[in-house]
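**Student:**
Structure representation (structure tokens):
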């Protein structure tokens, strides 16, 4: 009886033969990709798919963070009507609040 | 007049070294291209078994090719297969270790049973084989999908030992050199792998992850 540790056991041989047939089933896209990376390796160029993904993810994260970063930007034009910074320091509103405070009115009356 | 045999042997080795140095780089590149073309599909399949991810497998194969070309192109052609396999298996092991660290760091999950074989015999967790008929077992071993699924389920070290020994045809010593472990470890991993595959093919089910 063949020891299961022997490389040439019938089961191991059959599995190896099946694996050989499986390798032949690599599709055309995969074969083309393998040929491409082989050419790149021989020419010294390397192209990692995961690095491309990281670059795309970083770009998306930067775009998503842009509005938040711009909202807190103190350099925005105070003369702009859309400026949040302008609205937070509206002199007219402050004056109104001071007037209400003098009159004893609640400040949320605005 | 007698010729000193040792002198002749030394001269032939010297001539071979000189021949290698004088070989045009274009010839080396062509030979290297032929070698890489002969191993790329099997290397990709090995990487796919280990990672179960086509993109990661492609990256690993590319890394392996790059390292062989950059660091070992001047070595003899006969050394390329062993060097290529050692680089490939080291990359696959690194991939698995990194994945295990990330899983423990972010998911706090139990260790993946496909991680390094730490001495536990995972076949103990499998159900008893349904059918001990060797002919049935061999017929199931002809099914490409079933065999691929079974090999994917092996812990990484068992997978490496089995594929290098049974599929690539390396002996125990070369396999140990590739896997950078002892000959005894190779035999242990291989035995467990074969047993594991037998049970998986007989039962016809996958181990739960």
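Protein chains in written order, with this note's numbering: chain A, 1 to 110; chain B, 1001 to 1209. Glycine residues also receive a C-beta, built at the ideal position from the N, C-alpha and C atoms.
1. Mind pulling the chain A residues with CB within less than 7 Å of residue 1040 of chain B?
2. Distance cutoff 7 Å, beta carbons only. Does residue 23 of chain A sit that close to anything in chain B?
3. Which residue spans inside the segment 1140 to 1167 of chain B form an unbroken alpha helix (DSSP H) run of at least 4?
4. Is residue 54 of chain A close to chain B, meaning its C-beta is less than 7 Å from at least one C-beta of that chain?
5. Give me the residue from B/1078, B/1075 and B/1067 with the minimum Cα distance to residue 1087 of chain B.
6. Give the single residue among B/1140, B/1059, B/1043 and B/1070 whose Cα lies nearest to the Cα of residue 1028 of chain B.
7. Alpha carbon to alpha carbon, how far is residue 1045 of chain B from residue 29 of chain A?
8. Residue 16 of chain A touches chain B at which residues, Cβ-Cβ below 7 Å?
9. Expressed to the nearest angstrom, what Euclidean distance is found between the alpha-carbon atoms of residue 70 of chain A and residue 1157 of chain B?
10. How far does the alpha helix (DSSP H) with residue 1064 of chain B in it reach, from first residue to last?
11. If contact means a Cβ-Cβ distance below 9 Å, which residues of the segment 1141 to 1154 of chain B contact chain A?
12. Quick one: Cα of residue 1188 of chain B to Cα of residue 1031 of chain B, how far?
13. Enumerate in chain order the residues of its own chain whose CB-to-CB distance from residue 1095 of chain B is below 8 Å, with the five nearest sequence positions on each side excluded.
14. Could you tell me whether the Cβ of residue 63 of chain A comes closer than 7 Å to any Cβ of chain B?
15. Hey, would you say residue 1161 of chain B sits closer than 7 Å to residue 1201 of chain B, going by beta carbons?
16. Hey, would you say the C-beta of residue 60 of chain A is under 6 Å away from at least one heavy atom of the ligand ATP?
17. According to DSSP, is residue 24 of chain A helix, strand or coil?
18. Please report the straight-line C-alpha distance between residue 1164 of chain B and residue 1183 of chain B, rounded to a whole angstrom.
**Tutor:** This is what the structure gives:
1. Indexing the second chain from 1 puts residue 1040 of chain B at position 40. What residue 1040 of chain B touches in chain A: 34 and 38.
2. Position 23 of the first chain, counted from the first residue, corresponds to residue 23 of chain A. At least one chain B Cβ lies under 7 Å of residue 23 of chain A.
3. 1144 to 1153 and 1156 to 1162
4. To locate residue 54 of chain A, count along the first chain from 1; it is residue 54. No, because no Cβ of chain B sits closer than 7 Å to the Cβ of residue 54 of chain A.
5. Sequence index remark: in the second chain, residue 1087 of chain B carries index 87 (1-based). Nearest option by C-alpha distance: B/1067.
6. Residue 1028 of chain B sits at position 28 when you count from the first residue of the second chain. The shortest C-alpha separation from residue 1028 of chain B is found at B/1070.
7. Counted from its first residue, the second chain places residue 1045 of chain B at position 45. Counted from its first residue, the first chain places residue 29 of chain A at position 29. Put simply, the backbone Cα of residue 1045 of chain B is about 14 Å away from that of residue 29 of chain A.
8. Numbered from its first residue, the first chain carries residue 16 of chain A at position 16. The contacting residues are 1166 and 1167.
9. Working through the first chain from its first residue, we reach residue 70 of chain A at position 70. Working through the second chain from its first residue, we reach residue 1157 of chain B at position 157. Looking at the two C-alpha atoms, the distance is approximately 52 Å.
10. Sequence index remark: in the second chain, residue 1064 of chain B carries index 64 (1-based). It spans 1054 to 1072 - the alpha helix (DSSP H) in which residue 1064 of chain B sits, taken as one unbroken run.
11. 1141, 1142, 1143, 1144, 1145, 1146, 1147, 1148, 1150 and 1151
12. Stepping through the second chain from its first residue, residue 1188 of chain B is reached at position 188. Stepping through the second chain from its first residue, residue 1031 of chain B is reached at position 31. Each residue's alpha carbon lies about 36 Å from the other.
13. Here residue 1095 of chain B refers to the residue found at position 95 of the second chain. For residue 1095 of chain B, where only same-chain residues beyond five positions count, the Cβ hits under 8 Å are 1050, 1051, 1056 and 1060.
14. The sequence position of residue 63 of chain A within the first chain is 63, counting from 1. So no, residue 63 of chain A is outside the interface.
15. Working through the second chain from its first residue, we reach residue 1161 of chain B at position 161. Working through the second chain from its first residue, we reach residue 1201 of chain B at position 201. No, the pair does not count as a contact, with Cβ atoms beyond the cut-off.
16. Annotation note on the ligand ATP: not contained in the displayed structure, which lists no ligands.
17. For the purposes of this step, residue 24 of chain A is identified with residue 24 of the first chain, where counting begins at 1. In this structure, residue 24 of chain A counts as coil in the three-state DSSP scheme.
18. Here residue 1164 of chain B refers to the residue found at position 164 when the second chain is read from its first residue. Here residue 1183 of chain B refers to the residue found at position 183 when the second chain is read from its first residue. Cα to Cα, the separation comes out at about 13 Å.
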